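**Student:** Each position in the sequence shown, counted from 1, maps to that position plus 957 in this note's numbering.
Cβ coordinates follow ideal geometry from the N, Cα and C atoms, glycine included.
What you are looking at is a predicted structure, and each value in this text was computed from that prediction instead of being measured.
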Amino acid sequence: MKWQDKKIYKVRHNDNDDFRIHRAISDDGTQIAGRVHGNGPPIVFFHGGLTDGEYAWNGIIPHLTDQFTCYLPSMRGTGLSADHPDQRPERHAEDLAAFINTIGKPVGLFGHSTGATYGFGAIQQGANVAVMATYEPAVFEFWEEGEDAERFQQAVGSMAKAAGEGRLADGARDLLSVFGNEEEIPVMQDEGHFEHAGKYVPKLLEIFEQAPETEAPNPNDPLELARVTIPVLLLYGTESTDAHIDSVHYLDENLPDSRIHGIPGLGHMAPELGEKPVADLLMEFFSKELNK
């Protein structure tokens, strides 16, 4: 079924949950915060770039809150979280680890794109995670050469130019058009996704600028992945870019306890677009793993 022929399935969460907020202080003093919805075993959701925990999960969470307590932290400088000039990758991993470790019990973790990569980093730093599910983690080594890499590098340049001219939504569209497929982009346009994402373009440019300054090991290095010994479900969409799909297969080869599952017809933006097959697989995985 084509994207333009179907209605994106979204359900509104209980408004009373808007008052439940979990806060933690990261190692450098940055407050990381996120809303809490539902009841049951805890699952922490960590979003990718150009969004926040307030927005990214609106289509996924309503399918899970009857059985799980869902924590939705935002990265530093987005959503409910405080900002900080240090945007190096290890700081985001530290933020997530601090948030998780103040929950007080082992959690399930779901990460999308860079949120999943920071999730690996958080686990490597000792975050109390029992099981993890991911959707197309960012493995930037697969974006360094080839056709997808060329498109990505051009899009980053276009995004920076648009940001300098004050066209933030255009900048977000330039980059997300590389990650999303031809059926996702019109849906994102219609739903106002680029306008929301645009306010985080300057923050993402900061992250890109500071990434080479990292002093921490690469969380996607085989030796680091070997330290992630918990069960990991690696989800991907069959209509995603080659770089995304290759990244997932690479992770499957290097994680000690992983399984891989391709979802027919979906692309990279499926979690943010509220695709029900993603929610169904998360429900199945976490119901089994967190109720042992």
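1) For Tyr1157, write down the residues that DSSP places opposite it in a beta bridge.
2) Could you spell out the range, first to last residue, of the beta strand (DSSP E) harbouring Gln1184?
3) Can we count Val1086 as close to the ligand GTP, meaning its CB is less than 6 Å from some heavy atom?
4) Should Phe976 be labelled buried (16 or more other beta-carbon atoms within 10 Å of its own) or exposed?
5) Rounded to a whole number of angstroms, what is the C-alpha to C-alpha distance between Gln1111 and Val1135?
6) Pull up the distance between the alpha-carbon of Arg969 and that of Phe1025, whole angstroms please.
7) Whole angstroms are fine: how far does the CA of Leu1162 sit from the CA of Ala1117?
8) Just list the alpha helix (DSSP H) runs in the stretch 1024-1089, keeping only unbroken ones of 4 residues or longer that don't cross its boundaries, in chain order.
9) What do you get for Gly1114, buried or exposed, if any count of 16 or more other CB atoms within 10 angstroms of its CB means buried?
10) Output the distance between the C-alpha atoms of Asn1015 and Asp1009, rounded to the nearest integer angstrom.
11) Assign Ala1168 to buried or exposed, taking buried as 16 or more other Cβ atoms, counted over all protein chains shown, within 10 Å of its Cβ.
12) Could you check where the alpha helix (DSSP H) with His1201 kicks off and where it finishes?
13) Using the beta-carbon count (16 or more within 10 Å), is Thr1049 buried or exposed?
14) The alpha helix (DSSP H) with Ser1244 in it runs from where to where?
15) To test your reading of the DSSP string, which unbroken alpha helix (DSSP H) runs of 4 or more residues are found completely within the stretch 1110-1161?
16) Could you name the residues that DSSP lists as bridge partners for Ser1215?
17) Do you know offhand how far Gly1123's Cα is from Ile1142's?
18) For Ser1038, collect the residues of the same chain with a Cβ closer than 6 Å to its Cβ; drop the 5 residues on either side in sequence, then sort them by chain order.
19) Output the boundary residues of the beta strand (DSSP E) element that contains Phe1003.
20) Name the residue from Pro1042, Ala1183 and Ile1060 whose alpha carbon lies nearest to the alpha carbon of Arg992.
21) Ends of the beta strand (DSSP E) at Ile989?
**Tutor:** The relevant details are as follows:
1) DSSP output for Tyr1157 lists no bridge partner at all.
2) The sequence given here places Arg at residue 1184; Gln does not occur at that position. Boundaries cannot be given for Arg1184, as no beta strand (DSSP E) includes it and DSSP labels it neither H nor E.
3) This structure lacks the ligand GTP; in fact it carries no ligand of any kind.
4) Exposed.
5) Straight-line Cα distance between these residues: approximately 10 Å.
6) A caution first: Arg969 carries a pLDDT of 39, below 50, which makes its placement in the model unreliable, though a value can still be read off. Taking the straight line joining both Cα atoms gives about 16 Å.
7) In a straight line, the C-alpha of Ala1117 is about 7 Å away from that of Leu1162.
8) Uninterrupted alpha helix (DSSP H) stretches at least 4 residues long and entirely within the stretch 1024-1089 occur at 1046-1058 and 1071-1081, given in chain order.
9) Exposed: under 16 other Cβ atoms inside 10 Å.
10) In a straight line, the C-alpha of Asn1015 is about 11 Å away from that of Asp1009.
11) When all chains shown are included, Ala1168 counts as exposed.
12) Residues Asp1199 to Asn1211.
13) In the sequence as presented, Thr is not what sits at residue 1049; that position holds His. Counting C-beta atoms within 10 angstroms of its own C-beta, His1049 has 16 or more neighbours from the protein chains shown and is therefore classed as buried.
14) Start and end: Lys1233 to Glu1246.
15) Secondary structure remark: continuous alpha helix (DSSP H) runs of at least 4 residues inside the stretch 1110-1161, in chain order: 1125-1136, 1141-1147 and 1150-1155.
16) In DSSP, Ser1215 forms a bridge with Val1189.
17) Approximately 21 Å, taken between the alpha carbons.
18) Sequence-distant Cβ neighbours of Ser1038 in its own chain, meaning closer than 6 Å and more than five residues away, are Ile989, Ala990 and Ser1031.
19) Run containing Phe1003: Pro999 to Phe1003, per the beta strand (DSSP E) assignment.
20) Of Pro1042, Ala1183 and Ile1060, the smallest CA-CA separation from Arg992 is found for Ile1060.
21) Unbroken beta strand (DSSP E) run through Ile989: Gln988 to His994.
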